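Structure, as C-alpha cells:
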DNA sequence: ATTCCAATTAATCAATTGTATAATAAGAAA
DNA sequence: TTTCTTATTATACAATTGATTAATTGGAAT
C-alpha cells in the first residue's frame with residue numbers, strides 16, 4: 113500500500129511558468145550546472161517526470177527559460193524609453209539608466225547569455241532570438257541617438273552607436289558579474305556620464321530632470 | 113595477456129600545458145560541459161587517470177586553464193604598453209589599440225571566455241581568478257590614465273578607469289563576435305576616439321605619432 | 001454520483017560523470 | 001646491464017545525470 117503524495121493539477125501555462133521560474137532561480141544560485149532536472153522539479157514542488165510532460169527535453173526547458181528572460185530584459189529597457197512625452201535627450205537617458213540597473217543588471221542574465229553564445233552555432237532556431245535581442249538593442253540605441261538635436265553624418269552616427277553600445281555592454285557585463293564592486297546606482301551614473309561625453313550632451317542632468 | 117598502449121614520459125610542465133591546452137580547445141568548441149575528464153584526456157592523447165596525477169581535481173584543471181587564458185590576454189595588452197620610452201599618452205594609446213586587434217580580438221577567445229562564465233559564478237575560487245584578472249586589467253588601465261598630464265580626483269580617476277574599461281570590453285565583445293561588421297582597424301579607431309573623449313585627450317593623434 | 005481524460009507520481013533505466021587504486025613500463029641512474 | 005623511481009595505463013566504482021514507462025489520482029464533464 114504505497115502512499116502517493118497529494119498534488120494539485122495546475123493550468124498548463126501556470127505549470128510551465130513555475131518550472132521556468134524554478135530553473136532560473138537555480139541558475140542564479142549555482143550556475144547552469146545546478147539546474148538539474150531533479151533540482152528544478154524539487155524547487156517547483158513537483159516530481160522530475162513532470163518536466164518531460166511539459167518540455168520535450170531539458171534543453172528545451174533551458175531554451176524557453178532563456179527566451180523568457182531575454183524578453184523580460186528587452187521589455188525593461190524599452191518600457192523606460194517608450195514614454196514618448198519626454199524629449200529625445202531624456203528618453204536616451206532613461207534608456208541608458210534602465211539598462212544599467214536590475215532587472216537588466218543581473219548575474220542570471222549574464223550566465224544565460226554567455227551559455228547561449230556557445231550554443232548558437234549548433235542551434236539555428238535560437239539564432240533569431242539572438243538577433244532580435246542583441247542587434248535589436250543596438251538599433252534602438254542608434255535611433256535614440258539619431259533623434260538628438262545635433263547634426264552629424266551617418267558615418268559618425270554609426271560610430272557613436274557602436275561606442276555607446278560598447279560602454280553599456282561593458283558596464284552591464286562587469287556590473288552583473290562583480291556586483292559587489294559597485295555602489296548602488298554607481299553604474300547608472302558612470303553610464304550616463306560616459307555616454308554623455310561620447311555624444312557631447314549632458315545626459316546626467318537630463319536624467320535628473322525626469323526622475324526626481 | 114593485456115597489451116598496454118605505448119606512451120612517452122613527458123616533462124611535468126609540458127604535460128600540464130598540453131592538458132590545459134586540450135581543455136581550452138574543448139571549451140572553445142563545445143562549451144564547458146564538453147570539457148569532460150575523458151574528452152580532455154583523449155584530446156591530449158592521454159588516459160583520464162593522468163589528469164588526477166597533475167591536478168588535484170577536475171575543478172583544479174578548469175581553474176588553471178581559465179587563469180592561463182586570462183593571463184595570456186592581459187599579457188598581450190600589457191606588452192604593447194611596456195615600451196616605457198613612450199610618453200604617457202602614447203603608452204595609453206598603444207594599450208587601447210592592442211586590446212582591439214588580434215590576438216586579443218578573437219572569436220575563439222570570446223567563445224572560451226563565455227564558456228567559463230558559468231563556472232566563474234559557480235566556483236568561488238574561479239570567481240577569485242576572474243576578479244583578480246579583471247581588476248588587474250583595470251588597474252593597469254587606471255595607472256596608465258593616472259600618468260596622463262591632467263589633475264583629477266581619485267574618485268574621478270576610478271570612474272574614468274571603469275568607463276574606459278567598459279568601452280574596451282564592449283568593443284572587444286562586439287568586434288570578436290561580429291568581426292565581419294567592422295572594417296580593418298575600425299575598432300581601434302573607435303576605441304581610441306572613445307577613450308579619448310572620455311578622458312578629454314586626443315588619443316588618435318598620439319597613436320598615429322608613434323605607429324606610422 | 002459516476003465517468004473518464006490526462007496531469008502527476010513513482011520507479012527504473014542506461015549513460016556519463018569525477019574519482020580512486022593497483023598494475024605496468026618508460027627511462028634516468030647506477 | 002641492472003636497478004629503481006614514478007609517470008602512465010587500465011580497470012573499476014559510486015554518484016549523478018536526463019530519459020522512459022506504467023500506475024495513480026485530481027478534477028472537470030456528464
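Protein chains in written order, with our numbering: chain A, 113 to 324; chain B, 113 to 324. Glycine included, every Cβ here is placed at the ideal spot set by N, Cα and C. Given the structure is predicted, the values throughout are model-derived calculations rather than measurements.
Distance cutoff 8 Å, beta carbons only. Does residue 227/A sit that close to anything in chain B?
By this cut-off, residue 227/A is an interface position.
Which residues bound the alpha helix (DSSP H) around residue 236/B?
236-258
Cβ closer than 8 Å: which chain B residues qualify as neighbours of residue 219/A?
Around residue 219/A, the beta-carbon contacts reaching into chain B at under 8 Å are 233.
Starting from the Cα of residue 219/B, find the closest Cα among 132/B, 320/B, 286/B, 160/B and give me that residue.
286/B
Under 8 Å Cβ-Cβ, which residues of chain A neighbour residue 279/B?
Correct list: 275, 278, 279, 282, 306.
Return the first residue and the last residue of the alpha helix (DSSP H) that residue 128/B is part of.
124-142
Element boundaries [alpha helix (DSSP H), containing residue 159/B]
Premise fails: residue 159/B is in no alpha helix (DSSP H) and is neither H nor E.
So, does the CB of residue 269/A fall closer than 8 Å to a CB anywhere in chain B?
no
Determine which residues of the segment 242-267 of chain B have a Cβ less than 9 Å from any Cβ of chain A, and write them out in chain order.
Along the segment 242-267 of chain B, the positions whose C-beta sits under 9 Å from a C-beta of chain A are 242, 243, 246, 247, 250, read in chain order.
Helix, strand or coil: which one does DSSP assign to residue 314/A?
coil
For the alpha helix (DSSP H) that residue 297/A lies in, which residues bound it at each end?
Counting along the chain, residue 297/A falls outside any alpha helix (DSSP H), and DSSP gives it neither H nor E.
Does any residue of chain A have a CB that is nearer than 8 Å to the CB of residue 184/B?
no
If the criterion is Cβ atoms closer than 8 Å, does the pair residue 150/B and residue 160/B meet it?
yes
Beta carbon proximity, residue 315/B to chain A, threshold 8 Å:
no
Cα-Cα, which of 258/A, 181/A, 208/A, 172/A is closest to residue 305/A?
208/A
What in chain A is Cβ-close to residue 286/B, meaning under 8 Å?
274, 277, 278, 281
Local Cβ density within 10 Å of residue 272/A, reported as buried at 16 or more and exposed below that:
buried
Residue burial classification, residue 325/A (beta-carbon count within 10 angstroms, cutoff 16)
With chain A running from 113 to 324 in the structure shown, residue 325/A is simply not present.
Below-8 Å beta-carbon distance, residue 324/A vs any chain B residue:
For residue 324/A, the predicted model reports a pLDDT of 46, less than 50, meaning its position is unreliable and no value from the coordinates is stated.
Buried or exposed for residue 295/A, please, with buried defined as at least 16 other CB atoms from any protein chain shown within 10 angstroms of its CB.
Sixteen is the threshold: since fewer than 16 other Cβ atoms of the shown chains lie within 10 Å of the Cβ of residue 295/A, the residue is exposed.
Mapping DSSP to helix, strand and coil, what is residue 304/B?
helix
Local conformation of residue 167/B per DSSP, three classes
coil
Over the uninterrupted alpha helix (DSSP H) stretch that includes residue 279/B, give me the two end residues.
266-289
Validate contact between the segment 248-260 of chain B and the segment 179-198 of chain B using beta carbons, cut 8 Å, 3 pairs
yes
Tell me whether residue 178/B is buried or exposed, calling it buried when 16 or more other Cβ atoms sit within 10 Å of its Cβ.
Label assigned to residue 178/B: buried.
Determine contact between the segment 301-320 of chain B and the segment 301-320 of chain A, defined as no fewer than three beta-carbon pairs at a distance below 8 Å.
Touching, yes.
With DSSP run on the structure shown, which of helix, strand or coil describes residue 198/B?
coil
Quick check on residue 263/B: does DSSP put it in helix, strand or coil?
coil
Cutoff 8 Å; reference residue 132/A; Cβ partners in own chain excluding five residues on either side
173, 176, 177, 180
Taking Cβ-Cβ distances shorter than 7 Å, what residues in chain B pair up with residue 222/A?
The answer, in chain order, is 229.
Give the residues of chain A in contact with residue 309/B, contact being defined as C-beta atoms less than 7 Å apart.
309, 310
Would you say residue 177/A reaches chain B, if we count a Cβ-Cβ gap shorter than 8 Å as a contact?
no
Starting from the Cα of residue 300/B, find the closest Cα among 143/A, 242/A, 217/A, 278/A and give me that residue.
278/A
Please decide whether residue 211/B counts as near chain A, where near means a Cβ-Cβ distance under 8 Å.
no
Can you check which of these residues, 119/A, 115/A, 226/A, is closest to residue 139/A by C-alpha distance?
226/A
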